[in-house]
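Colleague: The structure follows.
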Amino acid sequence: MQIPEMGDSLWYRTVGEPVVIDPDLTENLQSDVVIVGAGYTGLSTALHLAEGGYSVAVIEAKQVGWGASGRNGGQVIPGLKLDPDDLERRFGAALVETAGATADLVFSLIEKHSIQCEPRRAGWIQGAHSPRALKALNGRAEQWARRGASVDFLSAAETKALTGTDVYCGSLIDRRAGTIQPLGYARGLARAARQAGAQIFGKSPVLSISKVPGGWRSNTAGGSVSSTHVVIATDAYSDRLWPGLANSFLTVRSIQMATKPLGKIAEEILPTGACVSESRKLSYYFRRDAAGRFLIGGRGPMREEKSAEGMFTALRSAIQQRYPAIADCEIEHQWSGKVSLTIDQLPHIHEPAPGIHIGHGYNGRGIAVSTLMGALLADRIAGGPMHSLIPPSPLQAIPWHRIRQPLLTAAIGYYRLKDALGFGS
Ligand SMILES: Cc1cc2nc3c(=O)[nH]c(=O)nc-3n(C[C@H](O)[C@H](O)[C@H](O)COP(=O)(O)OP(=O)(O)OC[C@H]3O[C@@H](n4cnc5c(N)ncnc54)[C@H](O)[C@@H]3O)c2cc1C
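Listed below in structure tokens is the structure:
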């Protein structure tokens with residue numbers, strides 16, 4: 001069985017925002033800014049810049065939302081991977097506050113542009129699989145609550161009442177979070193960006209970026225766009241376009257499956273509609289969709305040619321452990337996508353040459369942060385007040401990248417085996 005891709009996804013089959021076939025780039029054009037990649041990072045940058053009066057050309061290798069933005073779990077979670085105290089110590093209180101408001105940013109854009117993406121703000125539960133994890137979650141909840149965020153610690157009984165499963169010894173609930181239909185959100189951002197004046201080109205991989213007087217020229221097989229600024233928004237789908245970028249992070253595959261609509265039993269599973277992920281190293285994440293399907297995701301095989309069958313079996317067992325009542329229910333969709341991991345678990349902005357801007361590195365939690373990243377990149381180009389929130393860092397290849405990638409794959413296998421043998425991770 002080949003690893004299923006975007007076309008197999010639930011989101012592709014159920015998206016409410018209509019598809020727009022963007023034209024290929026077949027001319028030599030000029031604009032203030034070129035954006036490479038039409039995921040949330042690129043589209044949010046395009047929207048913010050176009051609304052600010054800049055001429056913008058988004059150039060996408062395939063179609064809007066073809067990367068992680070059209071395939072993810074749709075869990076809109078505020079904050080970054082680091083705990084707020086740690087983040088504040090390293091980057092200051094303003095970044096913690098802004099990162100804490102990223103879900104607000106997503107849901108306000110959805111409302112402002114009437115994006116059809118099944119938005120629901122029923123919170124996110126992070127379930128603890130061990131007493132040690134429980135302590136860490138308790139600390140995280142306390143740090144957010146101290147800052148006035150609607151985040152609480154839940155006992156095992158409270159967690160069971162909200163998740164319908166008793167596998168967790170407690171949890172954190174973040175009520176700022178919610179869920180969306182991810183491809184609908186990507187298409188809606190694209191629609192809003194087009195309406196604000198941005199041009200979007202599809203099926204046009206950018207093959208090279210060359211230096212020209214006054215800026216850069218982004219070249220595709222059929223044409224080019226010259227611009228003062230280029231934003232590279234390709235994240236885990238980065239190819240060799242900009243030297244060193246693809247080696248500055250590691251890539252893992254995340255796989256997902258969705259059941260058929262469950263009818264009444266869906267209300268026993270996640271009765272309030274909250275989404276869930278787990279504290280363990282090989283975390284599963286799950287939620288319901290608007291039609292009452294149960295969706296679950298987790299780590300999958302990295303190599304394209306490797307069979308994904310075993311990994312989908314692992315997702316099946318995860319359903320059985322958490323929700324025996326639906327263990328045998330029919331699976332309608334299976335799909336996968338790529339996630340970028342940075343060594344420090346933080347997103348990065350790089351500016352490797354004047355006028356070149358790169359925003360990436362969301363570590364599997366990118367819906368809200370990449371939307372913010374777009375606003376920050378637009379602000380850097382416009383010289384606005386937000387732009388110093390994430391200071392640019394040098395673009396550096398991860399040492400021993402070629403060795404680390406297979407080591408990461410081996411580590412995933414190790415933790416999966418521990419899980420299968422019942423030792424947790
Ligand atoms: C299966 C899965 C589940 C996830 N679940 C969640 C979740 O529940 N919550 C959450 O917050 N995050 C989640 N994430 C992470 C989140 O989806 C990403 O962080 C986010 O979508 C990244 O957006 P992006 O725009 O930076 O990149 P992408 O959406 O990946 O877009 C990059 C685009 O660049 C294009 N591109 C690449 N090279 C070129 C080129 N040379 N020329 C032109 N175009 C090019 C690609 O075709 C692609 O469309 C998940 C990710 C995956 C894969």
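Numbering (UniProt numbering), first residue to last: 1 to 425.
Every residue, glycine too, gets a C-beta built ideally from N, C-alpha and C.
#1: Determine the direct distance from the alpha carbon of Arg-121 to that of Ala-190, and round the result to whole angstroms.
#2: Rounded to whole angstroms, what is the Cα-Cα separation between Ser-130 and His-229?
#3: Can you tell which of Asp-166, Gly-73, Gln-30, Gly-16 has the C-alpha that lies nearest to the C-alpha of Leu-295?
#4: Cβ atoms of Leu-183 and Glu-17: under 9 Å apart, would you say?
#5: Under a three-way DSSP split, which group does Val-106 fall into?
#6: Is any heavy atom of ligand 1 found at a distance shorter than 8 Å from the C-beta of Asp-104?
#7: Would you kindly work out how many angstroms separate the C-alpha atoms of Val-19 and Gln-116, rounded to a whole number?
#8: With a threshold of 8 Å, establish whether the CB of Ile-269 neighbours any heavy atom of ligand 1.
#9: With respect to 8 Å, is the separation between the Cβ of Leu-235 and the closest non-hydrogen atom of ligand 1 below this value?
#10: Among Ile-390, Arg-175, Gly-298, whose alpha-carbon lies nearest the alpha-carbon of Val-339?
#11: From Val-369, Gln-126, Thr-251, pick the residue whose C-alpha is nearest to that of Ser-155; which is it?
#12: Output needed for Tyr-323: all residues of its chain with C-beta closer than 8 Å, excluding positions within five of it in sequence on either side, in chain order.
#13: Between Asp-24 and Val-225, what straight-line distance do the alpha-carbon atoms span, to the nearest angstrom?
#14: Ligand 1 and Ile-349: does the residue's C-beta get closer than 8 Å to at least one heavy atom of that ligand?
#15: Which runs of the beta strand (DSSP E) at least 3 residues long sit entirely within the segment 201-268? Give them in chain order.
#16: For a quick check, are the C-beta atoms of Pro-392 and Glu-351 less than 9 Å apart?
#17: Jot down the residue ranges of each uninterrupted alpha helix (DSSP H) in the segment 58-106, minimum 4 residues, whole runs only, in chain order.
#18: Count Cβ pairs between the segment 30-39 and the segment 93-100 that sit closer than 8 Å; are there 3 or more?
#19: For Gly-42, report the span of its alpha helix (DSSP H) as first-last.
#20: Could you tell me which uninterrupted alpha helix (DSSP H) segments, each at least 4 residues in length, are contained entirely in the segment 329-394, listed from first to last along the chain?
#21: If the criterion is Cβ atoms closer than 9 Å, does the pair Val-58 and Ile-180 meet it?
#22: Span of the beta strand (DSSP E) holding residue 449?
#23: Consider the C-beta atom of His-360 and the heavy atoms of ligand 1; say whether any pair is separated by less than 8 Å.
#24: So what does DSSP say about Gly-184, is it helix, strand or coil?
#25: Short check: CB of Leu-346 to CB of Gly-359, under 9 Å?
#26: Let's test the definition: count the other Cβ atoms within 10 Å of the Cβ of Asn-363 and tell me whether it reaches 16, buried, or not, exposed.
#27: Taking buried to mean at least 16 other C-beta atoms within 10 Å of its own C-beta, is Glu-27 buried or exposed?
#28: Answer yes or no: do Tyr-40 and Ser-370 have a C-beta to C-beta separation smaller than 9 Å?
#29: Give me the Cβ distance between Asp-289 and Glu-118, rounded to the nearest whole Å; I'm assuming they're in contact under 8 Å.
#30: Suppose contacts are defined by Cβ-Cβ distances below 9 Å. Is Ala-382 in contact with Ala-196 by that definition?
#31: Measure the C-alpha to C-alpha separation of Glu-305 and Phe-286 and round it to an integer number of angstroms.
#32: Assuming contact is defined by CB atoms lying nearer than 9 Å, are Val-231 and Gly-300 in contact in what I supplied?
#33: Using three-state DSSP, classify Thr-14 as helix, strand or coil.
#34: Within the same chain, show all residues whose beta-carbon is closer than 8 Å to that of Ala-330, passing over the 5 residues directly before and after it, in chain order.
#35: At the level of alpha carbons, what is the spacing between Thr-272 and Ser-171?
Modeller: The short version:
#1: 22 Å
#2: 48 Å
#3: Gly-73
#4: yes
#5: helix
#6: no
#7: 12 Å
#8: no
#9: Residue 235 is actually Asp in this sequence, not Leu. Yes - ligand 1 has a heavy atom lying nearer than 8 Å to the Cβ of Asp-235.
#10: Gly-298
#11: Gln-126
#12: Gly-164, Thr-165, Ile-269, Phe-294
#13: 12 Å
#14: no
#15: 208-212, 215-219, 224-227, 229-232, 250-259
#16: yes
#17: 84-91, 93-100
#18: no
#19: 40-51
#20: 367-382
#21: no
#22: One cannot answer for residue 449 here, as it falls past the ends of the chain, which runs 1 to 425.
#23: yes
#24: helix
#25: no
#26: buried
#27: exposed
#28: yes
#29: 7 Å
#30: no
#31: In this prediction, Glu-305 has a pLDDT of 43, which is less than 50 and means its spatial position is unreliable; what the coordinates show is noted afterwards. Each residue's Cα considered, the two are about 26 Å apart.
#32: no
#33: helix
#34: Contrary to the premise, residue 330 reads as Glu rather than Ala in this sequence. Within the same chain, Glu-330 has close Cβ partners Thr-259, Lys-260.
#35: 15 Å
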